Each structure stands twice: as C-alpha cells, then as structure tokens.
Amino acid sequence: MSHHFKETPENAITQSGIARVIPCKELDVGDPIKWMSLALRDAMRAPGLTLFYGVLFAVIPWFIMYLVEMTGWHLVILPAIVCFMLVGPFLAAGLYDISWEMEKGHKPTLRHSLRAMRRNAFNEWGFAILLMVMMIFWLRVASLIHALYPPYIENDLESLLPFLMLGTMVGAGFTLAMLFVTAFTQPILMERKVDLATAVLTSVNAVWLNKVPMLIWGAIIFSAVAIGFVTGFIGFIVLMPIIGYASWHAYIDAIETKRERKYE
C-alpha cells in the first residue's frame, strides 16, 4: 500500500456514535491542480454532455439575476450566489456520473447521467433537505444583517462598507462550512450505499485532515464561481462542468477504497 494512505486511527472523527467514518487518504498540496487537469481531459472526451450541463449551470443563475432585475432588490445577490452553490451539487451528480462512466471504460450518456441522482435516492433527498435548511438559515442571517442596517444613510460605498464587510465575513464562514459538508458528501452517496450521516461525517473528516489542499481546492471553486459571475455566467458553461469532473477526481483521491483506482 502506498505512503498516500492514512490509517484509520488518525481520523479526526473516530467513533461518532451516529455513523461510521470512511477513512481518508493524505492529499498533497498540488493535488487540486491534478484534479483540474484530469477534469479537462474528461471534458474533452465528452464535449456534448459537458456543454449540456454547462448551459444548465449558466441558465439557473441568469434566471436568478433576471428575478433580481425584476424585483429590484439587489441585496438578494449574495444569498443568491450561496443558493446557487447549493444547487450545484445536484447538477454535479450528473457530471460525477460522466467521469465515473469514463473511469469504468463505458461511453457516458445523458440518460445515464440524469439517472445518477436516483442511485441513493432516500439519502440524496436527505442531502437536499440538509442543503435547503442551510440555505434558509443563510437567507435568515442575510435578512437579519439587512434589518440591522440603518435605512437612512446614503447608498455610497463608504456607508455600505461595514454592512458589506459583515455580510462578507458571515458569508465566508458559511461558505467554509459548506465546503466541509459538501466536498465529498454527494459523490460518496452516489457511489456507495451509505447513509447521509456517514457521507457528511466522512466529508468533514477528509476536509479537516487535508486542510491546506482542501482550502486551495475551495479557493479554486470560489474563483470559478467569481469568474462566472464577472463574465455574466458565460464562464459557467466551461468552468462548472470542469469543477464537477474535478470534484469526482478529488473524491477518488481523498476517500479510501478497498482496491486501488486506475485513471485510464
């Protein structure tokens, strides 16, 4: 067995009592770049499917922004970004399936990838509800910050700065929590018949034990989302499928399996 493996006792969460934790492997700082290059290769091998999911990723936030324009409530933008990051894992399930199919030497199909979400349906729904609760909590916090904000000051940058800083700090903390919870939960649920608590705790444990590589990975995801927003969501068409494929390769690298994986 390679030096890459961590033994089970080093788990941050050992006997939690509510679920078992699948052991994780030790990641290298350069691994996120490797995942991105593998993802790029997957995208080249399935250009049509990649484009299909990419367009979906671009249309959803465009629709959110359209609603913002219609209602004129611009403070919805930051929560909308987080909401979009919550929707992401569901679309990503289809992308994981494409990478997984290619890893097995199969030709990926749209039908097969769309059915991927049903593979562990009960726990997938549980995950959706968990994300929804987190999203509602974030929206409540965002509206609470908004409520604390005095209505009578000018809408210039100087007067908005404390409010924006508070919102950004809360948002950053929330996004970090999301990284821990969502990093590996979805691919674990999709590939293995495990319960939601096992998947979430395994994800938290793997991120905690690989803080530096996972923070780099989180920064890559955040940058991709930021580029997508700056380019009016056009960037999402290319970037989001690549992030999806890379997440699958991250999962393969991070979570221990009974037999070694091979990249073709």
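Going by UniProt numbering, the sequence shown opens with residue 1, and the numbers climb by one from there. We treat Cβ as the ideally placed atom computed from N, Cα and C, and that holds for glycine. Since the model is a prediction, treat every value here as computed from it, not as a measurement.
{"Asked": "Lys211, enclosing alpha helix (DSSP H) - first and last residue", "Found": "Lys211 to Val230"}
{"Asked": "Reference Thr185; option with closest CA among Phe222, Trp125 and Ala219", "Found": "Trp125"}
{"Asked": "Sub-8 Å separation of Ala58 and Ile242 beta-carbons", "Found": "no"}
{"Asked": "Anticipated Cβ contact below 8 Å, Tyr251 with Ala43, distance rounded", "Found": "About 17 Å separates the two Cβ atoms, so there is no contact after all."}
{"Asked": "Host alpha helix (DSSP H) of Ile252 (start-end)", "Found": "Ile234 to Ala254"}
{"Asked": "Close Cβ partners of Val204 (< 6 Å) along its chain, the five nearest in sequence each way excluded", "Found": "Phe180"}
{"Asked": "Sub-8 Å separation of Pro32 and Ile220 beta-carbons", "Found": "yes"}
{"Asked": "Three-state secondary structure (DSSP) of Lys104", "Found": "coil"}
{"Asked": "Assigned exposure category for Lys25 - 16 Cβ within 10 Å defines buried", "Found": "buried"}
{"Asked": "Which of helix, strand or coil DSSP assigns to Lys34", "Found": "helix"}
{"Asked": "Beta-carbon spacing of Leu95, Asp253 below 8 Å", "Found": "no"}
{"Asked": "Separation of Trp100 from Trp35, as counted between CA atoms", "Found": "14 Å"}
{"Asked": "Rounded Cβ spacing between Leu189 and Pro108 (contact assumed at less than 8 Å)", "Found": "Their Cβ separation, rounded to whole angstroms, is 19 Å, which puts Leu189 and Pro108 out of contact at 8 Å."}
{"Asked": "Inter-residue Cα distance where the pair is Glu256 and Pro23", "Found": "6 Å"}
{"Asked": "Where Tyr53 falls, given that 16 or more other Cβ within 10 Å makes a residue buried", "Found": "buried"}
{"Asked": "Nearest-angstrom Cα separation, counted from Leu56 out to Val194", "Found": "28 Å"}
{"Asked": "Nearest-angstrom Cα separation, counted from Phe163 out to His249", "Found": "38 Å"}
{"Asked": "Residues near Arg118 by beta carbon distance below 8 Å, same chain, minus five either side", "Found": "Glu124"}
{"Asked": "When His106, Ile136 and Ala92 are compared against Ala116, the one with the closest alpha-carbon", "Found": "Ala92"}
{"Asked": "Pairwise C-alpha distance: Leu196 and Leu209", "Found": "20 Å"}
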